[in-house]
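Notes follow once the structure below has been shown.
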């Protein structure tokens, strides 16, 4: 069984969103804005199995996180990764049959 591990760091996710949305804003300013948020950022590892199951590990606590507990950016990241993996799997199957 193939497992694909993908790491999600919430702060980096928001930095990328801010950078993409405002090309004129320098990284230093984005970092100041994110630092001012004063929150604990999620750091998760998603383990996607070929069977379709996923295991989510909180890298701060090494504890498993139920999919139902994802919210905001972490859930958005999960959905986009799931779509990306499904698309790649379908493309591989199409190439095998051609």
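Numbering (the UniProt record's numbering), first residue to last: 1 to 98.
Built from N, CA and C at the ideal position, the CB exists for glycine as well.
Presumed contact (8 Å Cβ cut-off) between residue i and residue j, rounded CB distance
i, j, result
"residue 10", "residue 74", "7 Å"
"residue 44", "residue 58", "6 Å"
First and last residue of the uninterrupted beta strand (DSSP E) at residue i
i, result
"residue 49", "43–49"
"residue 5", "3–9"
Proximal residues to residue i (C-beta, below 7 Å), its chain only, five neighbours per side dropped
i, result
"residue 1", "49, 50 and 51"
Simplified DSSP state of residue i, which is helix, strand or coil
i, result
"residue 79", "helix"
"residue 39", "coil"
"residue 58", "strand"
"residue 52", "coil"
"residue 25", "coil"
"residue 32", "helix"
8 Å Cβ shell around residue i - same chain, five flanking residues per side excluded
i, result
"residue 19", "25, 27 and 30"
Residue(s) in a DSSP beta bridge with residue i
i, result
"residue 91", "None; residue 91 has no bridge partner."
"residue 64", "57"
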